[in-house]
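Novice:
Chains as they are written, first to last, in our numbering: chain D, 1 to 317; chain A, 1 to 218.
1. Is the shortest distance between the beta-carbon of residue 57(A) and the beta-carbons of chain D less than 8 Å?
2. Mind checking whether residue 46(D) and residue 16(D) have CB atoms under 8 Å apart?
3. Take the Cβ of residue 159(D) as the centre, count every other Cβ of all protein chains shown within 10 Å, and call the residue buried at 16 or more, exposed below.
4. Would residue 97(A) and residue 123(A) qualify as a contact pair, given that the criterion is a beta-carbon distance under 8 Å?
5. Please determine, among 109(D), 213(D), 263(D) and 58(D), the residue with the shortest C-alpha to C-alpha distance to residue 206(D).
6. Could you pull out every residue in the same chain whose Cβ sits closer than 6 Å to the Cβ of residue 61(D), ignoring the five residues on either side in sequence?
7. Under a three-way DSSP split, which group does residue 203(D) fall into?
8. Quick one: residues in its chain with C-beta nearer than 7 Å to the C-beta of residue 126(A), no 5 flanking neighbours on either side, listed in chain order?
9. Taking the C-alpha atoms as reference points, what is the distance between residue 314(D) and residue 198(D)?
10. For a contact meaning CB atoms closer than 8 Å, what does residue 167(A) contact in chain D?
11. In three-state terms, what does DSSP make of residue 6(D)?
12. Does DSSP put residue 270(D) in a helix, in a strand, or in coil?
13. Over what stretch of residues does the beta strand (DSSP E) that includes residue 118(D) continue unbroken?
14. Pull up the CB-CB distance for residue 207(A) and residue 78(D), whole angstroms please, since I reckon it's below 8 Å.
15. On the criterion of 16 or more Cβ atoms from any shown chain inside 10 Å, does residue 244(D) qualify as buried, or is it exposed?
16. Which residue spans inside the segment 183-254 of chain D form an unbroken beta strand (DSSP E) run of at least 3?
17. According to DSSP, is residue 161(D) helix, strand or coil?
18. Where does residue 204(A) land, buried or exposed, given buried means 16+ other C-beta within 10 angstroms?
19. List the whole-angstrom C-beta distance separating residue 224(D) from residue 255(D), where the pair is believed to meet the contact cut-off of C-beta under 8 Å.
20. So is residue 210(A) buried or exposed if we call it buried at 16+ other beta carbons inside 10 Å?
21. Identify the contact partners of residue 179(D) in chain A, using a Cβ-Cβ distance below 8 Å as the criterion.
22. Going by the DSSP bridge assignment, what does residue 93(A) pair with across the sheet?
23. Assuming residue 297(D) and residue 201(D) are in contact, meaning their beta carbons sit under 8 Å apart, how far apart are those beta carbons, in whole angstroms?
24. Cα-Cα, which of 29(D), 91(D) and 25(D) is closest to residue 175(D)?
25. Which runs of the alpha helix (DSSP H) spanning at least 4 residues fall entirely within the segment 29-71 of chain D, listed in chain order?
26. I'd like to know whether the C-beta of residue 90(D) is nearer than 8 Å to at least one C-beta of chain A.
27. Could you work out which residue in 92(D), 204(D), 120(D) and 187(D) is closest to residue 168(D) when comparing CA atoms only?
28. Starting from the Cα of residue 84(A), find the closest Cα among 74(D), 104(D) and 222(D) and give me that residue.
29. Could you check the C-alpha separation between residue 10(A) and residue 131(A) for me, to the nearest Å?
30. Using the Cα positions of residue 250(D) and residue 38(D), report the straight-line distance between them to the nearest angstrom.
31. What residues in the segment 63-85 of chain A have a beta carbon less than 7 Å from any beta carbon of chain D?
32. Which residues in chain D sit within 7 Å of residue 7(A), going by Cβ to Cβ distance?
33. When DSSP labels each residue in this structure, what does residue 193(A) get in the three-state scheme?
34. Within the same chain, show all residues whose beta-carbon is closer than 8 Å to that of residue 130(D), passing over the 5 residues directly before and after it, in chain order.
35. Among 23(D), 4(D), 6(D) and 18(D), which residue has its Cα nearest to the Cα of residue 208(D)?
36. Kindly indicate if chain A contains any beta-carbon less than 8 Å away from that of residue 158(D).
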């Protein structure tokens with residue numbers, strides 16, 4: 001019989017800041033990845049810091065690890081790997097020496113430290129630049145180094161305060177596969193890593209709702225904005241014939257509209273242009289802003305229904 | 001802890017060696033003091049090196065990018081940012097104490113026992129003041145250290161100014177109760193009190209900086 005994955009992060013009655021209106025509950029299981037997404041980087045950074053125990057919430061209780069240690073306690077640091085926004089390799093240090101210093105601060109012995117540093121450098125694709133001075137590292141390499149530093153002590157929970165570069169997505173998959181809990185941050189739909197199971201949608205001051213990846217895809221397809229232009233211009237009546245089209249608006253050089261299935265809309269527009277002997281001069285599929293998604297969600301939410309962020313999202317059908 | 005201290009010392013040494021201000025603060029005031037106190041040049045050099053080494057080492061370093069990056073990284077570890085301050089103060093005291101030992105060993109006769117404690121304590125005080133004030137304002141740190149150094153040139157006398165003249169501690173503690181008007185025990189007691197206060201303030205500041213760096217996102 002397989003064991004149920006443990007809850008590695010639990011927040012109850014959480015109000016992140018004084019401005020927060022609602023109390024939210026959140027649980028992250030081992031082997032799952034939750035992404036904090038919203039337009040306000042400031043709020044996301046604060047939420048991630050609160051979940052990691054770096055900052056105190058306005059109210060509520062956050063615990064981490066199998067033993068449910070309050071995150072503000074020092075002993076919780078062994079269970080949490082936190083990647084702060086804008087972390088850089090100090091001047092005069094190299095990735096190797098910086099990780100060596102941190103491993104010493106984490107209480108590792110010399111031999112254990114050497115092995116751990118070497119292993120994590122290889123895993124994060126930093127081995128080639130291990131002796132490069134900190135000031136010569138690129139932004140991406142600094143992010144990789146901060147990621148390596150956060151995971152050096154093998155924590156059970158990883159929390160990132162900023163979006164991670166795509167080069168680390170494979171490592172996130174590895175972590176999830178070995179049962180670590182991940183809390184990541186995304187400031188737009190484009191920065192949500194593929195490993196995400198659930199997305200916590202946040203406004204500028206509150207956690208609004210947790211949705212599954214499938215639900216988010218459905219929401220996005222409804223809110224996506226498609227812009228097309230034809231040469232010579234196509235009459236509006238011809239564009240209106242496209243099935244499933246909504247919110248059609250004429251723009252300076254063409255039309256903008258929404259469609260429940262962006263992929264089908266792209267195919268239909270291409271066919272329409274060909275059928276009418278027009279050239280498709282531009283086509284842009286714009287992902288919706290987080291604020292648009294939150295508005296869509298508010299409209300979807302039946303009035304008077306309580307939000308329960310602790311429960312997994314409902315299955316459709 | 002030894003590996004951690006060694007790694008921090010290496011970073012501090014690399015940072016210091018690359019700063020022109022380090023060499024200027026270390027050498028120029030010490031030479032000036034030796035010329036000014038020509039009669040007691042080794043004693044002046046000893047007391048000035050105990051002051052100048054930590055001042056030169058910590059000024060420029062404590063408000064710099066490297067230290068901020070280190071604090072924000074270490075604040076997340078189990079050890080916290082405390083070992084960083086420990087390493088900074090230890091290197092300042094060791095460096096200042098060792099450098100001042102060279103001219104002290106040239107002095108004839110037996111030195112009062114207080115001398116051996118006053119020199120490292122004054123190094124500790126100066127380092128802690130720089131680490132406390134510089135992250136707030138480089139100018140304020142420079143002003144306070146400059147004022148403490150300038151007091152060393154005040155005529156030897158009684159009262160607080162004589163006890164606050166940090167480079168003058170070691171220098172005047174040599175003279176003993178017969179020559180000076182203040183007993184070496186007073187210098188010793190004052191240096192213990194000042195060093196303790198400055199270390200407490202710098203520890204508070206470093207802890208606060210750890211939280212601040214993380215909240216701001218490094």
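By construction, the Cβ of each residue, glycine as well, lies at the ideal position given by its N, Cα and C atoms.
None of these values were measured; they are calculated from a predicted model.
Specialist: The structure says:
1. Not one chain D Cβ lies under 8 Å of residue 57(A).
2. Contact annotation: residue 46(D) and residue 16(D) have beta-carbon atoms nearer than 8 Å.
3. The residue is buried, with at least 16 neighbouring Cβ atoms inside 10 Å.
4. Yes, the pair counts as a contact, with Cβ atoms nearer than the cut-off.
5. Checking every option, the nearest Cα to that of residue 206(D) belongs to 58(D).
6. Excluding sequence positions up to five before and after residue 61(D), its CB lies within less than 6 Å of the CB of 12, all in the same chain and listed in chain order.
7. Coil.
8. Only residues of its own chain outside the window of five on either side were considered, and among them 51, 54, 55, 145 and 166 have a CB closer than 7 Å to the CB of residue 126(A), listed in chain order.
9. Only weak support is given to the placement of residue 314(D): the predicted model assigns it a pLDDT of 49, under 50, and the question is left unresolved by the model.
10. When 8 Å is used as the limit between beta carbons, residue 167(A) is near no residue of chain D, the shortest such separation being about 29 Å.
11. Three-state result, residue 6(D): coil.
12. Here residue 270(D) carries a helix assignment [DSSP, helix/strand/coil].
13. Premise fails: residue 118(D) lies in the alpha helix (DSSP H), 110-123, not in any beta strand (DSSP E).
14. Not a contact, Cβ separation roughly 20 Å.
15. The residue is exposed, with fewer than 16 neighbouring Cβ atoms inside 10 Å.
16. Inside the segment 183-254 of chain D, DSSP marks whole beta strand (DSSP E) runs of 3 or more residues at positions 198-202, 207-212, 225-231 and 246-250, from first to last along the chain.
17. Here DSSP, grouped into helix, strand and coil, assigns residue 161(D) to coil.
18. Its Cβ having fewer than 16 others within 10 Å, residue 204(A) is exposed.
19. Wrong, their Cβ atoms sit about 14 Å apart, outside the cutoff.
20. Buried: at least 16 other Cβ atoms inside 10 Å.
21. Correct list: empty, because the minimum Cβ distance to chain A is about 22 Å.
22. Residue pairing for residue 93(A): DSSP places it in no beta bridge.
23. About 7 Å; that satisfies the 8 Å criterion.
24. When C-alpha distances from residue 175(D) are compared across 29(D), 91(D) and 25(D), the shortest belongs to 29(D).
25. Those alpha helix (DSSP H) runs which fall completely within the segment 29-71 of chain D and span 4+ residues are 41-52.
26. For residue 90(D), the nearest CB of chain A lies under 8 Å from its own CB, placing it at the interface with that chain.
27. Among 92(D), 204(D), 120(D) and 187(D), the Cα nearest to that of residue 168(D) is on 120(D).
28. Of 74(D), 104(D) and 222(D), the residue nearest in Cα terms is 104(D).
29. Note on geometry: alpha-carbon atoms of residue 10(A) and residue 131(A) lie some 18 Å from one another.
30. Whole-angstrom Cα-Cα distance: 29 Å.
31. Listed in chain order, the positions of the segment 63-85 of chain A with a beta carbon within less than 7 Å of a beta carbon of chain D are 65, 66, 69, 70, 72, 73, 74, 76, 77, 78, 79 and 83.
32. 97, 100, 101 and 104, listed in chain order.
33. When DSSP states are grouped into helix, strand and coil, residue 193(A) belongs to the helix group.
34. Once the five neighbours on either side are set aside, the close Cβ partners of residue 130(D) are 94, 95, 96 and 121.
35. Of the candidates 23(D), 4(D), 6(D) and 18(D), 23(D) places its Cα closest to the Cα of residue 208(D).
36. At a cut-off of 8 Å between beta carbons, residue 158(D) makes no contact with chain A.
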